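Positions -16 to 228 (my numbering) are the ones given, in order, by the sequence shown.
Here a beta-carbon is modelled for each residue, glycine too, at the ideal position from N, C-alpha and C.
Remember, predicted model here, so these are calculated numbers, not experimental data.
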Amino acid sequence: MSVPYETPESPENPLTRLLGRALNSFELPDEILSRLDFALAYDTSLHSAHHSATLHQEAYRHCWLLPDGSDLTLWEITRRSAPGNEMLHEVYADPEEARVAASRPPFGPTEWTTLSSEDDELSASDLVAEETVPHREYVPDNSADHARRLLRRAENEDCPREDIAELLRNAFAHEITQAFTRPGLRAAAGIGFALYEHAFLLLDGTEVSLWEVEHTATPDRRHMCEVYETEGEAHDAMERRARVL
């Protein structure tokens, strides 16, 4: 009996949620929204944060990978003036506009991490590689069983098994996201690679991630699943497969 594959969330869904909660989403240019209709993958990270007794403010960087290999970034500012008050959201396509929004009173310019020209040139894959604070949206949905089924369908011999399986029995929530592959990874016609992060939240509050490689680099072009403990190991596996195509 085959195990049904649980697909990650479409890149369109985070965009829909972002536009739905942002008070100024109508100000985004139509050209940007049209380009995002064709996004292939999505990632988000916490860019800056300010928490105090009088104000709770965060800035998030939302990044989408487009079919031509470029990336498009939107900046979200969230703020709440006091515990229990409604959280307000704003979204910007221009990082300078986002910086100005984040620096409105009672803030000053130092509350926003200044973006250098080098930061502005980061690609989507570079962003994923940065050690940023993850913005998780964990779902408590029989996560221990999801981990068990993920490890069961893995076909690579070096897949983490007993130790990680025992650890993930304490998982009570998880999130699946599609990750970006390394620049330069190319497959022959008819061969595809995809990388997914399965992030698990354990009962003690710790987080554990498994990295799933889905590919068709097999003699009969069937889909194959491989699972690794680190993102680096997953990327290395994809590159090994690509070299023998």
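Does the distance from the C-beta atom of Leu151 to that of Ala137 stay below 7 Å?
no
Please name the residue, chosen from Ala156, Leu133, Thr160 and Ile159, that lies closest to Ile147 on a Cα-to-Cα basis.
Leu133
I'd like the span of the beta strand (DSSP E) that includes Arg62, first residue to last.
Asp54 to Arg63
Excluding the five sequence neighbours on either side, which residues of its own chain have a C-beta within less than 8 Å of the C-beta of Leu71, listed in chain order?
Leu6, Thr61, Arg62 and Arg63
Residue nearest to Tyr75 in terms of C-alpha spacing, selected from Glu59, Val83 and Ser192:
Glu59
Residue span of the beta strand (DSSP E) that contains His129, given as start and end:
Careful: His129 lies outside any beta strand (DSSP E), inside the alpha helix (DSSP H) at Ser126 to Arg136.
Check whether Trp47 and Leu19 have beta carbons under 7 Å apart
yes
In whole angstroms, what is the alpha-carbon distance linking Leu55 and Asn125?
34 Å
Give the C-beta separation of Leu23 and Leu49 to the nearest angstrom, bearing in mind that I take them to be a contact with Cβ-Cβ under 8 Å.
7 Å
With H, G and I counted as helix, E and B as strand and the rest as coil, what does DSSP make of Met221?
helix
DSSP puts Cys46 in a beta bridge; with which residues?
Asp26 and Thr56
Look at the Cβ atom of Ala154, then the Cβ atom of Leu178, and state whether they are nearer than 7 Å.
no
If you run the structure through DSSP and keep just helix, strand and coil, what is Pro78?
helix
Identify, in the order they occur along the chain, each residue of the same chain with its Cβ nearer than 6 Å to the Cβ of Ala229, setting aside the five sequence neighbours on each side.
Only positions -16 to 228 of the chain appear in the structure, and residue 229 is not among them; the question remains open.
Does the beta-carbon of Phe176 have 16 or more other beta-carbons within 10 angstroms, so that it is buried, or is it exposed?
buried
Cβ separation of Ala220 and Tyr211, assumed to be a contact under 8 Å, to the nearest whole Å
6 Å
Let me confirm a value: Asn(-4) is counted as buried when at least 16 other C-beta atoms fall within 10 Å, else exposed. Which label applies?
exposed
Who pairs with Met207 in a beta bridge, going by DSSP?
His198
Endpoints, the beta strand (DSSP E) within which Ala162 is located
Ala154 to Ala162
On a Cα-Cα basis, can you pick out the residue from Tyr121, Ala81 and Ser(-7) that is closest to Ser192?
Tyr121
According to DSSP, which residues form a beta bridge with Ala177?
Glu197
With H, G and I counted as helix, E and B as strand and the rest as coil, what does DSSP make of Phe183?
strand
How big is the Cα-Cα spacing for Glu197 and Ala81?
37 Å
In its own chain, which residues sit with a C-beta less than 8 Å from the C-beta of Asp187, not counting the 5 before and 5 after it?
Asn153
Cβ-Cβ separation, Glu190 to Thr160 (assumed contact under 8 Å), whole Å
About 13 Å; that fails the 8 Å criterion.
Assign Ser8 to one of three DSSP states: helix, strand, or coil.
helix
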